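According to this note's numbering, the sequence shown is numbered sequentially starting from 123.
One structure below.
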Amino acid sequence: MRPTAHAALFAAAITLSSPVLAAPSSLAVDPALSSINMEITLEIGTQVTDSDTSSLSGFIEIDLDDPGAPAVITLHDMSIEMDEALSFHWSFGFLGSADASMDDTDGSGAGSLFLDPGTPPISAPVAAGAFTIPQVPTRLEGLVSASYNIFLVGEDSAVVDLSTLEPGFSDMPGSVSVAGDIVTLTTSIVFAGEQDILDDMGAVIGTIIFSGDASVVATGTFNSCEADITGDGSLDIFDVFAFLDLFNAGDLGADFTGDGSLDVFDVFAFLDLFNAGCPA
Numbered sequence: 123m124r125p126t127a128h129a130a131l132f133a134a135a136i137t138l139s140s141p142v143l144a145a146p147s148s149l150a151v152d153p154a155l156s157s158i159n160m161e162i163t164l165e166i167g168t169q170v171t172d173s174d175t176s177s178l179s180g181f182i183e184i185d186l187d188d189p190g191a192p193a194v195i196t197l198h199d200m201s202i203e204m205d206e207a208l209s210f211h212w213s214f215g216f217l218g219s220a221d222a223s224m225d226d227t228d229g230s231g232a233g234s235l236f237l238d239p240g241t242p243p244i245s246a247p248v249a250a251g252a253f254t255i256p257q258v259p260t261r262l263e264g265l266v267s268a269s270y271n272i273f274l275v276g277e278d279s280a281v282v283d284l285s286t287l288e289p290g291f292s293d294m295p296g297s298v299s300v301a302g303d304i305v306t307l308t309t310s311i312v313f314a315g316e317q318d319i320l321d322d323m324g325a326v327i328g329t330i331i332f333s334g335d336a337s338v339v340a341t342g343t344f345n346s347c348e349a350d351i352t353g354d355g356s357l358d359i360f361d362v363f364a365f366l367d368l369f370n371a372g373d374l375g376a377d378f379t380g381d382g383s384l385d386v387f388d389v390f391a392f393l394d395l396f397n398a399g400c401p402a
């Protein structure tokens, strides 16, 4: 390789003020294949349970160490919306009944599940496409508006804001596959919690206990970064060294023109991708 090509490679790396990070891939949740089953137990003297379901939409942001043969998956963010408002009815027999609806705070859909803000990326190994991301902190947002008429409790209404609850932690198992540049992720998210029900005077009259299981299928285009030869998600001098090692060893991993040979044009092609940075 010509000395000028070596010099160009080193100049490209050394003049970087900071590493250029690869952007995670945003996968769209498919409402036709994704759903949630929400179960709410009303405990007022005795326990009565009802449930409802909704399709899901939203997104999940992930990164894969190697799209061709992923060994590590990293969760960056997720926000999953329940598409329809949920309805519940609890019968206490001759003692009375209660009804409730669950809506999002802005009146659209029923609520949402999302990664607790400020959570750093969480990585997990991938084996034969399967993974389990450990202890994902998930928050639930939604307003449960209930009305009740129950003997010895009274007739009234109450609103429970689920966004005031602390995040729940649960494993997030699933599978991931890549066909071309299309990533398909299948996962399940479980959550649970409870909150007191207060009357107009602030007295506790019961407890609302909720749990749910979301089955999610999401797809999207993988943000590949060919110049990230080390696969660490950033472009820096170590990618230059890795390219030089491949090139000097005659390894076709350095064939960035795709013509089956190694020459100075592969160096220029690598430089172009390196200087362009990873796709956002």
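For every residue, glycine included, the Cβ atom is placed at its ideal position computed from N, Cα and C.
The structure presented is a predicted model; accordingly, all values stated were derived computationally and were not measured.
Reduced DSSP category for residue i - H, G, I as helix; E, B as strand; rest coil
| i | result |
| --- | --- |
| glycine 264 | coil |
| serine 383 | coil |
| aspartate 388 | helix |
| methionine 123 | Any answer about methionine 123 is weak, because its pLDDT of 43 lies below 50 and its placement is not dependable; what the coordinates show is given next. Three-state result, methionine 123: coil. |
| aspartate 350 | coil |
| threonine 241 | coil |
| aspartate 394 | helix |
| serine 285 | helix |
| phenylalanine 253 | strand |
Separation of residue j from residue i, as counted between CA atoms
| i | j | result |
| --- | --- | --- |
| phenylalanine 365 | aspartate 187 | 18 Å |
| glycine 240 | phenylalanine 273 | 45 Å |
| threonine 254 | alanine 191 | 17 Å |
| asparagine 370 | phenylalanine 291 | 48 Å |
| valine 281 | alanine 340 | 32 Å |
| alanine 220 | alanine 268 | 7 Å |
| serine 333 | valine 300 | 32 Å |
| proline 295 | methionine 200 | 15 Å |
| serine 179 | isoleucine 158 | 11 Å |
| serine 213 | glycine 324 | 24 Å |
| phenylalanine 216 | alanine 154 | 40 Å |
| leucine 398 | alanine 250 | Looking at the sequence itself, residue 398 is alanine, so the reference to leucine does not match. Spanning the two alpha carbons is a distance of roughly 33 Å. |
| aspartate 293 | valine 194 | 16 Å |
| glycine 302 | valine 312 | 31 Å |
| threonine 379 | serine 356 | 22 Å |
Chain-order list of residues whose beta-carbon lies under 7 Å from that of residue i (same chain, five-residue window excluded)
| i | result |
| --- | --- |
| alanine 232 | Ser176, Met204, Glu206, Ala207, Leu208, Met224, Asp225, Asp226, Gly264 |
| aspartate 373 | none |
| glycine 174 | Strictly speaking, residue 174 in this sequence is aspartate, with glycine absent from that position. So the list reads Met160, Leu208, Ser209, Phe210, once near-sequence residues are dropped. |
Own chain partners of residue i with C-beta closer than 6 Å, once the 5 adjacent residues on each side are dropped
| i | result |
| --- | --- |
| aspartate 238 | Pro259, Arg261, Pro289 |
| threonine 163 | Gln169, Thr171, Ile331 |
| proline 243 | Thr196, His198 |
| valine 394 | The question names valine, but residue 394 in the sequence shown is aspartate. For aspartate 394, where only same-chain residues beyond five positions count, there are no Cβ hits under 6 Å. |
| glycine 218 | Asn271, Ile272, Phe273 |
| aspartate 152 | Val339 |
Same chain, Cβ closer than 8 Å to residue i, five either side skipped, listed in chain order
| i | result |
| --- | --- |
| serine 147 | Glu183, Ile184, Asp185, Leu186, Val305, Gly342, Thr343, Phe344, Asn345 |
| aspartate 361 | Ala135, Ala349, Asp350, Ile351, Thr352, Phe396 |
| leucine 287 | Arg261, Leu262, Gly315, Gln317 |
The alpha helix (DSSP H) enclosing residue i, as first and last residue numbers
| i | result |
| --- | --- |
| leucine 366 | 359-370 |
Candidates the options, of which the one nearest residue i by Cα
| i | options | result |
| --- | --- | --- |
| alanine 314 | Phe216, Asp335, Val151 | Asp335 |
| serine 337 | Phe369, Gly328, Ser297 | Ser297 |
| serine 310 | Ala398, Phe369, Leu235, Glu277 | Leu235 |
| aspartate 283 | Asp293, Met323, Gln317 | Gln317 |
| isoleucine 166 | Ser201, Tyr270, Ser157, Val386 | Tyr270 |
| aspartate 321 | Ala193, Ser285, Asp303, Val275 | Val275 |
| isoleucine 202 | Ser213, Trp212, Ser156 | Ser156 |
| serine 279 | Leu149, Cys347, Ala391, Ile327 | Ile327 |
| aspartate 358 | Asp381, Pro247, Phe392, Ser383 | Phe392 |
Limits of the beta strand (DSSP E) - the one that residue i falls within
| i | result |
| --- | --- |
| methionine 323 | That residue, methionine 323, is in no beta strand (DSSP E); it is neither H nor E in DSSP. |
| alanine 207 | Looking at the DSSP string, alanine 207 is not in any beta strand (DSSP E), and its letter there is neither H nor E. |
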